[in-house]
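Visitor: Whatever position you read off the sequence shown (first residue = 1), add 50 for the working numbering. Glycine included, every Cβ here is placed at the ideal spot set by N, Cα and C. Given the structure is predicted, the values throughout are model-derived calculations rather than measurements.
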Amino acid sequence: MAFVVPLFALAIIGLIAAIAMLVVIKNVLYVSGPNEVLVFSGWGKQTTADGRTIGYRFIKGGRTFRIPLFETVDRMDLTNMIIELQVKNAYSKGGIPLTVQGVANIKVPGEEPLIHNVVERFLGKSRNEIMEIAQETLEGNLRGVLATLTPEQVNQDKEAFAAKLTEEAEHDLSTIGLVLDTLKIQNVTDEVGYLDAIGRMLSAQVRRNAQIAEARTKAEAAEQKWRNTMEAEVSKLDAQMQVAAKENERRILDARTKREAMIAEQQAEVQALIAQSQAEIGMQDARIEQVKLQLQADIIQPAEAQRQKAEQNAKAEAARIVEQGRATAFVLKNLAATYRGSGTNGRDVLLMQKLVPMLGQITGTIGELKIDRLTVIGPGHGNGGGDGSLAGKLVATSEQIKAATGLDVPEILRDKFGSPKPPTIPPTSGRTLPPGVAPRRGESG
Numbered sequence: 051m052a053f054v055v056p057l058f059a060l061a062i063i064g065l066i067a068a069i070a071m072l073v074v075i076k077n078v079l080y081v082s083g084p085n086e087v088l089v090f091s092g093w094g095k096q097t098t099a100d101g102r103t104i105g106y107r108f109i110k111g112g113r114t115f116r117i118p119l120f121e122t123v124d125r126m127d128l129t130n131m132i133i134e135l136q137v138k139n140a141y142s143k144g145g146i147p148l149t150v151q152g153v154a155n156i157k158v159p160g161e162e163p164l165i166h167n168v169v170e171r172f173l174g175k176s177r178n179e180i181m182e183i184a185q186e187t188l189e190g191n192l193r194g195v196l197a198t199l200t201p202e203q204v205n206q207d208k209e210a211f212a213a214k215l216t217e218e219a220e221h222d223l224s225t226i227g228l229v230l231d232t233l234k235i236q237n238v239t240d241e242v243g244y245l246d247a248i249g250r251m252l253s254a255q256v257r258r259n260a261q262i263a264e265a266r267t268k269a270e271a272a273e274q275k276w277r278n279t280m281e282a283e284v285s286k287l288d289a290q291m292q293v294a295a296k297e298n299e300r301r302i303l304d305a306r307t308k309r310e311a312m313i314a315e316q317q318a319e320v321q322a323l324i325a326q327s328q329a330e331i332g333m334q335d336a337r338i339e340q341v342k343l344q345l346q347a348d349i350i351q352p353a354e355a356q357r358q359k360a361e362q363n364a365k366a367e368a369a370r371i372v373e374q375g376r377a378t379a380f381v382l383k384n385l386a387a388t389y390r391g392s393g394t395n396g397r398d399v400l401l402m403q404k405l406v407p408m409l410g411q412i413t414g415t416i417g418e419l420k421i422d423r424l425t426v427i428g429p430g431h432g433n434g435g436g437d438g439s440l441a442g443k444l445v446a447t448s449e450q451i452k453a454a455t456g457l458d459v460p461e462i463l464r465d466k467f468g469s470p471k472p473p474t475i476p477p478t479s480g481r482t483l484p485p486g487v488a489p490r491r492g493e494s495g
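(1) So is N433 buried or exposed if we call it buried at 16+ other beta carbons inside 10 Å?
(2) Using 8 Å as the threshold, is the region 216–223 in touch with the region 117–136, meaning 3 or more CB pairs across them?
(3) I'd like the span of the beta strand (DSSP E) that includes Q136, first residue to last.
(4) Under three-state DSSP, which class holds N178?
(5) Taking a contact to mean a Cβ-Cβ separation below 9 Å, would you say I156 touches V229 in this structure?
(6) Is the beta carbon of L79 less than 9 Å from the beta carbon of F115?
(7) For the beta strand (DSSP E) holding T225, just list the boundary residues, first then last.
(8) How about L252 and Q206: do their beta carbons lie closer than 9 Å?
(9) Within a Cβ cutoff of 8 Å, which residues of the same chain sit near K95, ignoring the five residues on either side of it in sequence?
(10) Just to check my reading of the structure: I235 and K208 have Cβ atoms closer than 8 Å, yes? What is that Cβ distance to the nearest angstrom?
(11) What does a CB cutoff of less than 7 Å around T97 pick up in its chain, not counting 5 residues either side in sequence?
(12) Pull the bridge partners of A272 from the DSSP assignment, please.
(13) I226 to E179, Cα distance in whole Å?
(14) May I have the straight-line CA-CA distance separating Q351 from R337, to the nearest angstrom?
(15) What are the complete beta strand (DSSP E) segments, minimum 3 residues, inside the region 79–111?
(16) Given 8 Å as the limit, is there contact between the region 186–196 and the region 146–164, that is, 3 or more CB pairs closer than that?
(17) Give me, in chain order, the residues of the same chain whose beta-carbon lies closer than 7 Å to that of Q261; leave out the 5 immediate sequence neighbours on both sides.
(18) Check this for me: beta carbons of E189 and Q136, under 9 Å apart or not?
(19) Taking only three categories from DSSP, how would you classify R113?
(20) What residues in its chain sit with their C-beta under 6 Å from that of R113, if we drop five residues either side in the sequence?
(21) Rounded to whole angstroms, how far is the Cβ of D127 from the Cβ of E86, which I believe are closer than 8 Å?
(22) Would the beta-carbon of F172 fall within 9 Å of that of V123?
(23) Tell me the DSSP bridge mates of N155?
(24) Going by the DSSP bridge assignment, what does T122 pair with across the sheet?
(25) What's the gap between the Cα of T239 and the Cα of G92?
(26) By DSSP, does T239 sit in helix, in strand, or in coil?
(27) Just the Cα atoms here: how many angstroms apart are V169 and I69?
(28) Using a 10 Å radius around the Cβ and a threshold of 16 neighbouring Cβ atoms, would you call N130 buried or exposed?
(29) Is L65 helix, strand or coil by DSSP?
(30) Can you tell me where the alpha helix (DSSP H) holding I350 begins and where it ends?
(31) Hey, G144 and T200: beta-carbon distance below 9 Å or not?
(32) Between T232 and A154, which are expected to be in contact by the criterion C-beta below 8 Å, what is the C-beta distance as a whole number of angstroms?
(33) Which residues in the same chain have their Cβ closer than 6 Å to the Cβ of M181, if we skip the five residues on either side of it in sequence?
In structure tokens:
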């Protein structure tokens with residue numbers, strides 16, 4: 051009995067010790083889930099990977115013991131935090147106030163080196179406090195990004211806007227130790243209706259582009275239709291050209307086939323024409339010979355006879371002229387001798403030679419004048435006459451002109467002015483004058 055009591059006591063003591071051990075283990079053993087980080091602080095110093103010295107240690111997704119009385123343990127939740135963003139009347143580029151609504155997903159990092167920043171800044175803070183700080187940071191970044199974009203850029207490309215906002219926010223959140231997983235812009239509005247106007251303008255542009263596209267499609271369809279028609283016509287023309295080419299080839303072959311016959315026919319025609327021409331040449335030669343004989347009989351021989359006759363006439367005329375010239379020369383010689391021997395009478399003859407042309411010119415100027423009688427009265431008329439009377443000289447001169455040249459001055463005057471009576475010649479003294487010399491006044495012939 052006495053032995054049983056100590057065993058029971060030992061069992062109770064062992065049970066109590068086990069319970070105490072379990073309680074101690076429960077109080078000093080900490081287990082970390084995959085979505086949290088346990089931070090043990092208060093014991094010893096540690097050096098981080100980037101060379102910093104820290105007075106804490108952390109564990110993620112495991113278990114470890116806390117040194118009682120020397121270390122304290124803090125838990126940090128790593129689960130995602132959803133933050134709703136809303137910025138009202140944030141001025142965009144151009145001075146248009148916008149209202150932007152979005153949503154962001156952030157979390158506390160569980161890896162170095164960002165975990166050191168979050169431990170230093172948010173250790174001991176609640177989840178709501180961390181979300182409030184993150185929200186204010188994101189809204190500040192959102193306002194800053196809006197100031198650099200126009201309303202059109204914000205409204206038309208929300209993805210680019212969110213990407214730029216994420217780029218700006220990640221830098222600030224990483225500084226305080228938070229990680230931005232996603233950021234989406236849900237809605238962008240304005241109170242002045244600017245975006246609505248842009249929307250209407252975009253709608254109009256969309257309608258315009260649609261109409262343009264429709265018109266372009268119709269034009270392309272019409273163009274394709276006419277192109278098909280053109281190609282069909284071109285094909286038809288090509289077919290016609292090919293038919294024409296085949297027809298031409300056939301004609302060429304026919305022409306080549308008939309060429310020899312045509313050449314022979316043409317050569318025969320040419321030979322016939324040559325023979326006909328040669329016969330015509332012979333006939334023409336005969337005609338030429340006949341014409342030559344006829345010309346010889348009709349023209350050349352009469353002309354030759356006429357030439358001989360003219361030659362004989364010319365010789366006779368030349369002989370007559372020669373004889374007449376000789377007679378004239380003899381008369382002139384006698385006239386010259388008479389002129390030299392006549393003295394004053396020679397000058398009277400010369401005067402009459404000059405007077406006859408002058409009388410012709412004078413009578414030509416007075417027109418038609420009929421002379422019935424011409425009487426020459428010398429200065430000695432009525433006084434018995436004398437050898438130097440003018441009438442006697444004129445008569446003597448007239449006779450000498452007639453004897454020398456054959457010109458009868460009274461006859462010429464009668465032919466020119468009528469039939470005047472010959473001048474009255476007074477009787478001469480009965481002296482005999484040499485032939486061709488007129489007797490002086492008062493002398494007989």
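Guide: Result, derived from the coordinates:
(1) By one-based count along the sequence shown, residue 433 stands at place 383. The predicted position of N433 is uncertain, since its pLDDT is 45 and thus under 50; a value taken from the coordinates is nonetheless stated next. Its Cβ having fewer than 16 others within 10 Å, N433 is exposed.
(2) no
(3) Taking the first residue of the sequence shown as 1, we reach residue 136 at position 86. M131 to Y141 is the span of the beta strand (DSSP E), which, as asked, contains Q136.
(4) In the sequence shown, counting from the first residue as 1, residue 178 sits at position 128. Of the three classes helix, strand and coil, the one that applies to N178 here is helix, per DSSP.
(5) By 1-based counting over the sequence shown, the position of residue 156 is 106. By 1-based counting over the sequence shown, the position of residue 229 is 179. For I156 and V229, yes; Cβs fall inside 9 Å.
(6) Translated into positions along the sequence shown, residue 79 becomes position 29. Translated into positions along the sequence shown, residue 115 becomes position 65. Yes, they are a contact pair.
(7) Reading the sequence shown from its first residue, position 175 is the one you call residue 225. Looking at the DSSP string, T225 is not in any beta strand (DSSP E); the run it does join, the alpha helix (DSSP H), is K208 to I226.
(8) Walking along the sequence shown from the start, residue 252 turns up at place 202. Walking along the sequence shown from the start, residue 206 turns up at place 156. Cβ atoms of L252 and Q206: closer than 9 Å.
(9) To locate residue 95, count along the sequence shown from 1; it is residue 45. The answer, listed in chain order, is T103, I104 and G105.
(10) Residue 235 sits at position 185 when you count from the first residue of the sequence shown. Residue 208 sits at position 158 when you count from the first residue of the sequence shown. Confirmed, Cβ separation roughly 4 Å.
(11) Within the sequence shown, residue 97 is the residue found at index 47, counting from 1. For T97, where only same-chain residues beyond five positions count, the Cβ hits under 7 Å are T103.
(12) Position 222 of the sequence shown, counting from 1, holds the residue named residue 272. The partner list for A272 (beta bridge, DSSP) is empty, contrary to what the question assumes.
(13) As a first step, residue 226 must be located in the sequence shown, where it is residue number 176. As a first step, residue 179 must be located in the sequence shown, where it is residue number 129. Near 13 Å, if we compare the C-alpha coordinates of E179 and I226.
(14) Position 301 of the sequence shown holds residue 351. Position 287 of the sequence shown holds residue 337. Using only the alpha carbons, I get a separation of about 20 Å.
(15) 79–81, 86–97 and 103–110
(16) yes
(17) Counted from its first residue, the sequence shown places residue 261 at position 211. Nothing meets the Cβ criterion.
(18) Stepping through the sequence shown from its first residue, residue 189 is reached at position 139. Stepping through the sequence shown from its first residue, residue 136 is reached at position 86. Cβ distance < 9 Å, so E189 and Q136 count as in contact.
(19) Residue 113 sits at position 63 when you count from the first residue of the sequence shown. Three-state result, R113: strand.
(20) As a working note, residue 113 is residue 63 in the sequence shown. Excluding positions up to five away in sequence, the list reads V81.
(21) Stepping through the sequence shown from its first residue, residue 127 is reached at position 77. Stepping through the sequence shown from its first residue, residue 86 is reached at position 36. Their Cβ separation, rounded to whole angstroms, is 6 Å, which keeps D127 and E86 in contact under 8 Å.
(22) Indexing the sequence shown from 1 puts residue 172 at position 122. Indexing the sequence shown from 1 puts residue 123 at position 73. Contact flag unset, no.
(23) As a first step, residue 155 is located in the sequence shown; it is residue number 105 there, counting from the start. DSSP lists I132 and T232 as partners of N155.
(24) Within the sequence shown, residue 122 is the residue found at index 72, counting from 1. Answer by DSSP bridge pairing, in chain order: S91.
(25) For this step, residue 239 is matched to residue 189 along the sequence shown. For this step, residue 92 is matched to residue 42 along the sequence shown. Taking the straight line joining both Cα atoms gives about 52 Å.
(26) Start at 1 with the first residue of the sequence shown, and residue 239 comes out as number 189. In the structure shown, T239 sits in a strand (DSSP, three-state: E or B).
(27) Counting from 1 along the sequence shown, the entry for residue 169 is found at position 119. Counting from 1 along the sequence shown, the entry for residue 69 is found at position 19. Cα-Cα distance, rounded: 35 Å.
(28) As a working note, residue 130 is residue 80 in the sequence shown. Its Cβ having fewer than 16 others within 10 Å, N130 is exposed.
(29) Within the sequence shown, the letter at position 15 stands for residue 65. Of the three classes helix, strand and coil, the one that applies to L65 here is helix, per DSSP.
(30) Within the sequence shown, numbered from 1, the residue matching residue 350 stands at position 300. In the DSSP assignment, I350 falls outside any alpha helix (DSSP H), carrying neither H nor E.
(31) To locate residue 144, count along the sequence shown from 1; it is residue 94. To locate residue 200, count along the sequence shown from 1; it is residue 150. With respect to the 9 Å criterion, G144 and T200 are classified as neighbours on the basis of their beta carbons.
(32) Numbered from 1 along the sequence shown, position 182 holds the residue referred to as residue 232. Numbered from 1 along the sequence shown, position 104 holds the residue referred to as residue 154. Indeed, because the Cβ distance is near 7 Å, the residues count as touching under 8 Å.
(33) Taking the sequence shown and counting its residues from 1, the one referred to as residue 181 is at position 131. M131 and I133.
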